[in-house]
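> Handing you this structure, nothing more for now.
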């Protein structure tokens, strides 16, 4: 190879832009093998894509699917190869051997022919399928967009404890932890701590971290451990400012995904809207629409899963929006920290965001006045002394504030049109699954 | 105020750059009050700083320390005021009332006169002290620098489960969780999952998330829940590539902090070095130095806390470095996934990074060959079947890989010269503390 420039530390996706005849070094997995005897055409897959490599029998290597290899070879044009290029291999090293009789399922032949549970059992394999990897490429960008959007708006990123002494809902549906001599819980949300951090002078904070729900639900939309995109913001006028912020994020996100995930969105046939304007409808009004338009009765203070779907259908037809904010939830259905809306008796300054028939956000303004908070905790039947570590903070000047949380897996699922939330979790945890 | 431009949505730090005579709106906390009868000089504190505001008695407001207020007023020059500016208040609203008899401790008079435990009990108050807030401003930037550095190098950010079925060390020192019908653990580190994600085709991944250690240690340097800056990288040559990456991060970080945290570093009298070159010394050699130079004997395969401090003293004198990589730890002291170093029998391709006398990182190359891994698990006395959910992944082509983890609180503590790691945790969890 004397006199020939060797390009190292490059990825498959870089090769197309490299001059013909250049010697390149690539590393990756054996995705597909066409053994023609004298030569083999092999597809090499790395983080960035798949490329055809040509291996002469004189190299005397026995490849198996999914081996990790390193090659050196010459980039050449070949009209018959995908992208019109291939690499003629001069040197090949096996970096990672395989020890299987048979792969659990094929990942190089279109749609995986294995059920979701089998795919999750063999997550390291299923994630190698380009279409499945694309889910997490999009998910990563959803979180990046959230962080970048907020960093640019003077929000501080925080890491708050997940081991807690008492829950926001008074201890229901929480996992318990043996914490030395004590019983502790896993946080259902960073709610208390978000508020405390706002009150600690950070004013605007966000957290991207795990939340835990010990709900006895095994459905397409529940995970028992999920990633929550959380924010909280001080000195707001009302809950609509929080909705403005979320709408701003959704618009920022969609623009960002169009640029950063063009290939991934195409794989899923997704065309994101240019601009998102989200209708804001009081819950009672939405219930009225459901009754009037679809003859569907709702329970007193809520809309059920079917109702969310029908409502989104209505909103899509009337406003051409995949999103709808439901506002002014009744106080009876909201946690004790939720700010009452004095304009409409019995309602609160809170909202849900429904996206394509699924709730992806709960948010609103919170109570910031100490006496009001204590009264509300008592009104809801909790013991105020159990929350002292939380309410104590409200004695020392808490600003008006509010926030929201987005379930990362739910948002990912809905953007890509996935059917089960487990498809949008790298390693899902549900009632039956603790591994891998 | 007719005809005068009102600047809204600004912060205290913005005022200095605003034209004299401009009407500004500011929101924040009452930091200090000098009541002179006819007028009061008040320090208003927000996320960005402290400014003097002047309130005439005609406004008829009764302020208390730490109230949240909103003011409108005119920016004027006043040579006697800090920064030479102040705001003459025209309008004042109290946004957040106070309900205390006495503040737990003063945060407006230099060093807080309360012990660390009291400060942590009243975390919302202590965090309002500018010097304490600065710790978390630096901490936030340490994490940003880590993420930005890795995003620019094609690393993917992942979120892996913290509820796990088995630990990296076989279940010792882990918190147990009641997970429906099963016993689960809280992850001591994302080690298994970092490796799996590398093998899933992401190649390079990082995670910033909580790690849990049920260690019975109540020391200045242990937390039972902490934030771990974790990365893992495929297709490496050896552990030195991982050390290069960490050294690169430290240099990137210090440059970043000099720009982003100039004020905070000054508050702590910290001057960061221009360039960090980290000596790399095999553990056995370091033990020899300790014996020869300080007459200190080390236990067979480790250096204790005192030894780490003495060694750093030696390194500082000899190499002018606050950091030292200790390499080639003995296999007996490293977890079962650690790559043996065949060049020096009994040692591994692993390292620690010691910074100013404290270990802040453990890292190294991992075993990627299935048979080698199984043999090593058995050799260390574990049951291989208990790790099947993990080892299974190694059957299908795992690339050579390695990584490291940095304790975020430890790094923060050492950069700022704090004495107790609890000072570097927003809401620390230790053997005695689950609240606030």
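Protein chains in written order, with this note's numbering: chain A, 1 to 436; chain B, 1001 to 1436.
Just so it is clear, CB atoms sit at the ideal spot from N, CA and C, and this is done for glycine as well.
Under 8 Å Cβ-Cβ, which residues of chain A neighbour residue 1007 of chain B?
Numbered from its first residue, the second chain carries residue 1007 of chain B at position 7. Per Cβ cutoff of 8 Å: no residues; residue 1007 of chain B is ~15 Å from chain A at best.
> Under a three-way DSSP split, which group does residue 1233 of chain B fall into?
Taking the first residue of the second chain as position 1, residue 1233 of chain B is located at position 233. In this structure, residue 1233 of chain B counts as strand in the three-state DSSP scheme.
> Is the Cβ of residue 233 of chain A closer than 8 Å to any Cβ of chain B?
The count along the first chain starts at 1 and reaches residue 233 of chain A at position 233. By this cut-off, residue 233 of chain A is not an interface position.
> Which residues mark the beginning and the end of the beta strand (DSSP E) in which residue 1090 of chain B is found?
For the purposes of this step, residue 1090 of chain B is taken as residue 90 along the second chain, with counting starting at 1. Note, residue 1090 of chain B: beta strand (DSSP E), 1085-1096.
> For residue 210 of chain A, count neighbouring C-beta atoms within 10 Å of its own C-beta (all shown protein chains included) and say buried if the count is 16 or more, exposed if not.
For the purposes of this step, residue 210 of chain A is identified with residue 210 of the first chain, where counting begins at 1. Its Cβ being crowded by 16 or more others within 10 Å, residue 210 of chain A is buried.
> Measure the alpha-carbon distance for residue 1272 of chain B versus residue 348 of chain A and round it to whole angstroms.
In the second chain, counting from the first residue as 1, residue 1272 of chain B sits at position 272. In the first chain, counting from the first residue as 1, residue 348 of chain A sits at position 348. Going from the Cα of residue 1272 of chain B to the Cα of residue 348 of chain A covers about 50 Å.
> What separation, rounded to the nearest whole angstrom, lies between the Cα atoms of residue 384 of chain A and residue 313 of chain A?
Here residue 384 of chain A is taken as the residue at index 384 of the first chain, counted from 1. Here residue 313 of chain A is taken as the residue at index 313 of the first chain, counted from 1. Cα to Cα, the separation comes out at about 42 Å.
> Taking only beta-carbon atoms, is residue 1420 of chain B less than 8 Å away from chain A?
Mapped onto the second chain, residue 1420 of chain B falls at position 420. Answer no: the Cβ-Cβ gap between residue 1420 of chain B and chain A never drops below 8 Å.
> For residue 1034 of chain B and residue 1042 of chain B, I'd like the C-alpha separation in whole angstroms.
To locate residue 1034 of chain B, count along the second chain from 1; it is residue 34. To locate residue 1042 of chain B, count along the second chain from 1; it is residue 42. In a straight line, the C-alpha of residue 1034 of chain B is about 6 Å away from that of residue 1042 of chain B.
> Name the chain A residues that come within less than 7 Å of residue 1133 of chain B, Cβ to Cβ?
For the purposes of this step, residue 1133 of chain B is identified with residue 133 of the second chain, where counting begins at 1. Result: 201.
> Do we get a CB-CB distance below 8 Å when we pair residue 1068 of chain B with the residues of chain A?
Your numbering for residue 1068 of chain B matches position 68 in the second chain. With 8 Å as the cut-off, residue 1068 of chain B counts as an interface residue toward chain A.
> Quick check on the DSSP output: what are the complete beta strand (DSSP E) runs of length 3 or more inside the stretch 270-325 of chain A, in order along the chain?
Qualifying beta strand (DSSP E) stretches, in chain order: 280-282.
> Going by beta carbon distance, what residues of the same chain come within less than 7 Å of residue 1360 of chain B, once the five residues before and after it are set aside?
Here residue 1360 of chain B is taken as the residue at index 360 of the second chain, counted from 1. Excluding positions up to five away in sequence, the list reads 1353, 1406, 1407, 1410, 1411, 1414.
> Just to confirm, is the Cβ distance from residue 403 of chain A to residue 250 of chain A under 8 Å?
Within the first chain, the letter at position 403 stands for residue 403 of chain A. Within the first chain, the letter at position 250 stands for residue 250 of chain A. Not in contact: residue 403 of chain A and residue 250 of chain A (Cβ atoms no closer than 8 Å).
> Starting from residue 133 of chain A and walking both ways along the alpha helix (DSSP H), at which residues does that stretch end?
One-based indexing of the first chain puts residue 133 of chain A at position 133. Where residue 133 of chain A is concerned, the enclosing alpha helix (DSSP H) stretches over 130-151.
> Excluding the 5 residues preceding and the 5 following residue 178 of chain A in the sequence, name in chain order all residues of the same chain whose CB lies nearer than 6 Å to its CB.
The sequence position of residue 178 of chain A within the first chain is 178, counting from 1. Answer for residue 178 of chain A: no residue qualifies.
> Between B:1291, B:1394, B:1217, B:1084, which lies nearest to residue 1367 of chain B when the distance is taken from Cα to Cα?
Your numbering for residue 1367 of chain B matches position 367 in the second chain. Comparing Cα positions, the closest option is B:1394.
> Using 10 angstroms around the beta-carbon of residue 1207 of chain B, count the other beta-carbons present and answer buried if the total reaches 16, otherwise exposed.
Counting from 1 along the second chain, the entry for residue 1207 of chain B is found at position 207. Per the 10 Å Cβ criterion, buried.
> If you measure beta-carbon to beta-carbon, which residues of the stretch 73-99 of chain A are closer than 8 Å to chain B?
Result list: 95, 96, 97, 98, 99.
> Could you compute how far the alpha carbon of residue 1083 of chain B sits from the alpha carbon of residue 1263 of chain B?
Numbered from its first residue, the second chain carries residue 1083 of chain B at position 83. Numbered from its first residue, the second chain carries residue 1263 of chain B at position 263. Each residue's Cα considered, the two are about 15 Å apart.
> Given a cut-off of 8 Å on the beta-carbon distance, is the pair residue 1437 of chain B and residue 1067 of chain B in contact?
Past the edges of chain B, shown from 1001 to 1436, lies residue 1437 of chain B, and the structure says nothing about it.
> Ignoring anything shorter than 4 residues or poking outside the stretch 12-63 of chain A, list the alpha helix (DSSP H) runs there in chain order.
Those alpha helix (DSSP H) runs which fall completely within the stretch 12-63 of chain A and span 4+ residues are 12-15.
> Run through chain A and tell me which residues come within less than 7 Å of residue 1178 of chain B, C-beta to C-beta.
On the second chain, position 178 is the one that residue 1178 of chain B refers to. What residue 1178 of chain B touches in chain A: 175, 176.
> List the whole-angstrom C-beta distance separating residue 504 of chain A from residue 116 of chain A, where the pair is believed to meet the contact cut-off of C-beta under 8 Å.
In the structure as shown, chain A starts at 1 and stops at 436, and residue 504 of chain A therefore has no counterpart that could be examined.
> Any C-beta of chain B sitting closer than 8 Å to the C-beta of residue 263 of chain A?
Here residue 263 of chain A is taken as the residue at index 263 of the first chain, counted from 1. With 8 Å as the cut-off, residue 263 of chain A does not count as an interface residue toward chain B.
> List the residues of chain B whose Cβ lies closer than 8 Å to the Cβ of residue 389 of chain A, in chain order.
The count along the first chain starts at 1 and reaches residue 389 of chain A at position 389. 1435, 1436, listed in chain order.
> In angstroms with no decimal places, state the Cα-to-Cα distance between residue 119 of chain A and residue 32 of chain A.
On the first chain, residue 119 of chain A is found 119 positions in, with the first residue counted as 1. On the first chain, residue 32 of chain A is found 32 positions in, with the first residue counted as 1. Cα to Cα, the separation comes out at about 19 Å.
> Can you find a CB in chain B that lies within less than 8 Å of the CB of residue 324 of chain A?
Here residue 324 of chain A corresponds to residue number 324 of the first chain, with the count starting at 1. No - not a single Cβ of chain B is within 8 Å of the one on residue 324 of chain A.
> What separation, rounded to the nearest whole angstrom, lies between the Cα atoms of residue 15 of chain A and residue 93 of chain A?
Here residue 15 of chain A refers to the residue found at position 15 when the first chain is read from its first residue. Here residue 93 of chain A refers to the residue found at position 93 when the first chain is read from its first residue. About 19 Å.
> With a CB to CB cut of under 8 Å and the five nearest residues on each side skipped, what residues in its chain are close to residue 1002 of chain B?
As a first step, residue 1002 of chain B is located in the second chain; it is residue number 2 there, counting from the start. Because residue 1002 of chain B sits at a pLDDT of 47, beneath the cut-off of 50, its placement in the model cannot be relied upon, and the following sentence gives the value as read from the coordinates. Closer than 8 Å at Cβ, skipping near neighbours: no residue.
> Pull out every residue of the stretch 147-172 of chain A whose Cβ sits closer than 9 Å to any Cβ of chain B, in chain order.
Residues 147, 151, 154, 156, 157, 158, 159, 160, 161, 162, 163, 164, 165, 166.
> Contact criterion: CB-CB distance below 8 Å. Does residue 1118 of chain B meet it with respect to chain A?
The residue labelled residue 1118 of chain B in the question sits at position 118 within the second chain. By this cut-off, residue 1118 of chain B is not an interface position.
> Name the chain B residues that come within less than 9 Å of residue 182 of chain A, Cβ to Cβ?
For the purposes of this step, residue 182 of chain A is taken as the residue at position 182 of the first chain. 1434, listed in chain order.
> Within the same chain, show all residues whose beta-carbon is closer than 6 Å to that of residue 380 of chain A, passing over the 5 residues directly before and after it, in chain order.
Within the first chain, the letter at position 380 stands for residue 380 of chain A. Same-chain partners within the cutoff: 336.
> Using the three-state DSSP reduction, which class does residue 195 of chain A fall into: helix, strand or coil?
Taking the first chain and counting its residues from 1, one reaches residue 195 of chain A at position 195. Of the three classes helix, strand and coil, the one that applies to residue 195 of chain A here is helix, per DSSP.
> Counting Cβ pairs closer than 8 Å, one from the stretch 1129-1142 of chain B and one from the stretch 1174-1189 of chain B, do we hit at least three?
No: the two stretches stay apart, fewer than three of their Cβ pairs being nearer than 8 Å.
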